[in-house]
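**Student:** If you scroll down you'll find the structure; I have some questions about it.
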Amino acid sequence: MKSKRYPEEFKREAVKQVTERGYSVAEVAQRLDTTTHSLYAWIKKYGEPQPKPSEDLDLTSENARLKSELRRITEERDILKKAARYFANNPE
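For the sequence shown, the working numbering assigns the number 20 to the initial residue and increments by one for each residue that follows.
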């Protein structure tokens, strides 16, 4: 059985169908008249690299830091709002 040769651009577009547009591998393979095996190989070659576990840990700690900072800034804003209301109602 002779296999088809697909241009690189065709492969990249097929991968985008799965990774960016959310279509299933089986659906894209059937529409493009290729095998799921080939499409999985193209995804491995042309798809986005998976983040390393250390990157996930960095993102988790950064997310926690940002949540903490947001909480602190929200408290400061609330205090300033109360102070503004107080001074607006009690001019000296």
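For each residue, glycine too, the CB sits at the ideal point set by N, CA and C.
Using the Cα positions of K63 and R90, report the straight-line distance between them to the nearest angstrom.
**Tutor:** Going from the Cα of K63 to the Cα of R90 covers about 40 Å.
**Student:** Taking just the CA atoms, how far does I92 sit from N82?
**Tutor:** 15 Å
**Student:** In three-state terms, what does DSSP make of S57?
**Tutor:** Three-state DSSP puts S57 in a helix.
**Student:** Mapping the DSSP letters down to three states, classify Y65 as helix, strand or coil.
**Tutor:** helix
**Student:** Exposed or buried, K30, counting other C-beta atoms within 10 Å across all chains shown (16 or more means buried)?
**Tutor:** buried
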